[in-house]
DNA sequence: TCGGTTCTCCATCATTTGTTGGAATCGATA
DNA sequence: TATCGATTCCAACAAATGATGGAGAACCGA
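Protein chains in written order, with this note's numbering: chain E, 60 to 270; chain H, 60 to 270.
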């Protein structure tokens, strides 16, 4: 029995899916409080009550957006893990940076949603679990910073978070950072990847040599 | 002739200053759209029209908060620059991380405001200049990554941004990250500082050796 | 074609929100 | 004390917003 969310994802032309998609982009751009149900309905080109018919409260729609995103991220991380398994650490990092950057630059709303969920305190929405802890643990294990997924030292987690945050920030902040760097979109992606590798790889490969 | 903002800062007990202060904390917590003028007034313990009497539109109050923050950051960066001038790069970085972390951990709303201004697209507020470009250029020069403040290569700017973002993120995301690391507040600060130094210093000191 | 289910829209409601007018109050000064 | 400006609050308004009830349209199997 497929869940509502799965059902919506199964048929991307279904009304449920179209609403979810528009909501994702708008919530990513303006945040939960900055988006009205009327804005979403208008974007989809439907009446507001059709939106309520499919998704119920605004809060529920927002939660579906976050849950959807979290699933997507988990799948992407699994994919990365499968790509780099058994490779040396420097290579693992390089691939991870490449793949995550490509993924996030293709979906600019994703990193925004993640950052907004960090800051998160909304008067209306009880904190929604992005399952960040799980994601970070997966990365830590994939990077070889920890062996046991259930017991990861604070330092290892903090280092993974630093990597994760760097990627998220550069993708979420492109509209602000790119004019500062005076480059076009493609160049921006290149500079970001280079910068991330430049900073992260030496730090972590040194760790491996002298833990 | 002191500006309204300067006047408010001069006497921190003045009504204008108290409103500005409450607004800063609330905007930092909930974002522009997530805060109502009534919330601010209630926090200060005044009637809503008193707020309008002193600050006019909600948008103007928000802009004052951002301008105020930007001034504060600029002063802090100048202070750091004066502390590290002439020191070797590794030491400059270490001091910068220490001082910026201390500053931001003392004012948790500051990093939130900065991040929210990154994502920034609000329906009501035209993008407000945090003067990030200026701040980043100052850091680049202070760190010795560029000699000429007016012409900083994209790579240097990107590297400074990476540092800046890392600090901002760890302070803004404490409420989310700290449970993941399973440490208390003091330990969190220590782990963050250590992690930042661990990651950033090797990267940048290597640069200095091989530009 | 019929009957029922699913879907979509129109009209509407109660509440929230930004904002303002005006009256009352306070403090200094003539 | 009378006066005047600065400050504060009460009351209210228009618009925006989250949410719903109900009427019709579209679809689908019998």
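A virtual CB, placed ideally from N, CA and C, is assigned to each residue, including glycine.
query, result
"Answer yes or no: does any C-beta atom of chain E fall closer than 8 Å to that of residue 205 (chain H)?", "no"
"Excluding sequence positions up to five away, which residues of its chain have a Cβ less than 6 Å from the Cβ of residue 208 (chain H)?", "196 and 200"
"In whole angstroms, give me the CA-to-CA distance for residue 258 (chain H) and residue 224 (chain H).", "13 Å"
"Using only CA atoms, which one of E:82, E:150, E:250 and E:157 lies nearest to residue 114 (chain E)?", "E:82"
"Who are the near neighbours of residue 128 (chain E) in its chain, counting only those whose CB is closer than 7 Å to its CB and skipping five residues on each side?", "169 and 172"
"Using a Cβ cut-off of 8 Å (strictly closer), state whether residue 258 (chain H) contacts chain E.", "yes"
"Return no unless some Cβ of chain E is closer than 8 Å to the Cβ of residue 99 (chain H).", "no"
"Specify, as a first and last residue, the run of the alpha helix (DSSP H) that residue 108 (chain H) falls within.", "107-114"
"Alpha carbon to alpha carbon, how far is residue 215 (chain H) from residue 167 (chain H)?", "28 Å"
"Could one say the Cβ of residue 236 (chain H) lies closer than 8 Å to chain E's Cβ atoms, at least one of them?", "yes"
"Do residue 184 (chain E) and residue 91 (chain E) have their beta-carbon atoms positioned less than 8 Å apart in this structure?", "yes"
"Would you mind sorting residue 75 (chain E) into buried or exposed? The rule is 16 or more other CB atoms within 10 Å of its CB.", "buried"
"Would a check of beta-carbon distances place residue 167 (chain H) closer than 8 Å to chain E?", "no"
"Go ahead and pull the three-state DSSP assignment for residue 219 (chain E).", "helix"
"So is residue 195 (chain E) in contact with chain H if we call contact Cβ pairs under 8 Å?", "yes"
"What did DSSP end up calling residue 130 (chain E) once you bin it into helix, strand or coil?", "helix"
"Given that residue 228 (chain H) touches chain E, what residues does it touch there, using C-beta distances under 7 Å?", "224 and 228"
"Under 8 Å between C-beta atoms, does residue 252 (chain E) make it to chain H?", "no"
"By the three-class DSSP mapping on this structure, what secondary structure does residue 95 (chain E) have?", "coil"
"Assuming residue 194 (chain E) and residue 132 (chain E) form a contact by the criterion Cβ under 8 Å, report the distance between their Cβ atoms to the nearest whole angstrom.", "6 Å"
"Which residues in the same chain have their Cβ closer than 7 Å to the Cβ of residue 189 (chain E), if we skip the five residues on either side of it in sequence?", "125, 129, 173 and 176"
"Anything in chain H within Cβ reach of residue 123 (chain E), meaning under 9 Å, just list it in chain order.", "Simply none; closest approach about 20 Å."
"Among E:97, E:94, E:103 and E:153, which residue has its Cα nearest to the Cα of residue 72 (chain E)?", "E:103"
"For residue 213 (chain H) versus residue 250 (chain E), is the C-beta spacing smaller than 8 Å?", "yes"
"Is the CB of residue 178 (chain H) under 8 Å away from at least one CB in chain E?", "yes"
"Using only the alpha-carbon positions, how far apart do residue 252 (chain H) and residue 157 (chain H) sit?", "7 Å"
"Of all Cβ atoms in chain E, is any one closer than 8 Å to the Cβ of residue 129 (chain H)?", "no"
"Taking a contact to mean a Cβ-Cβ separation below 8 Å, would you say residue 96 (chain H) touches residue 110 (chain H) in this structure?", "yes"
"In angstroms, rounded to a whole number, what distance separates the CA positions of residue 146 (chain E) and residue 204 (chain E)?", "14 Å"
"Please state whether DSSP places residue 180 (chain H) in a helix, a strand or coil.", "coil"
"Just the chain E side, please: which residues come within less than 7 Å of residue 192 (chain H) by C-beta, in chain order?", "239"
"What does the alpha-carbon distance come out to for the pair residue 63 (chain H) and residue 137 (chain E)?", "With a pLDDT of 47 at residue 63 (chain H), under the threshold of 50, the predicted position of this residue should be treated as unreliable, though the coordinate-derived value follows. Those two C-alpha atoms are separated by around 54 Å."
"Below 8 Å CB to CB, which residues in the same chain sit around residue 21 (chain H) once its five sequence neighbours on both sides are set aside?", "Absent from the structure is residue 21 (chain H), since the part of chain H shown begins at 60 and ends at 270."
"Beta carbons nearer than 7 Å to chain E: which residues of the region 78-92 of chain H have them?", "88, 89, 90 and 92"
"Hey, could you find the ends of the alpha helix (DSSP H) residue 205 (chain E) is sitting in?", "Counting along the chain, residue 205 (chain E) falls outside any alpha helix (DSSP H), and DSSP gives it neither H nor E."
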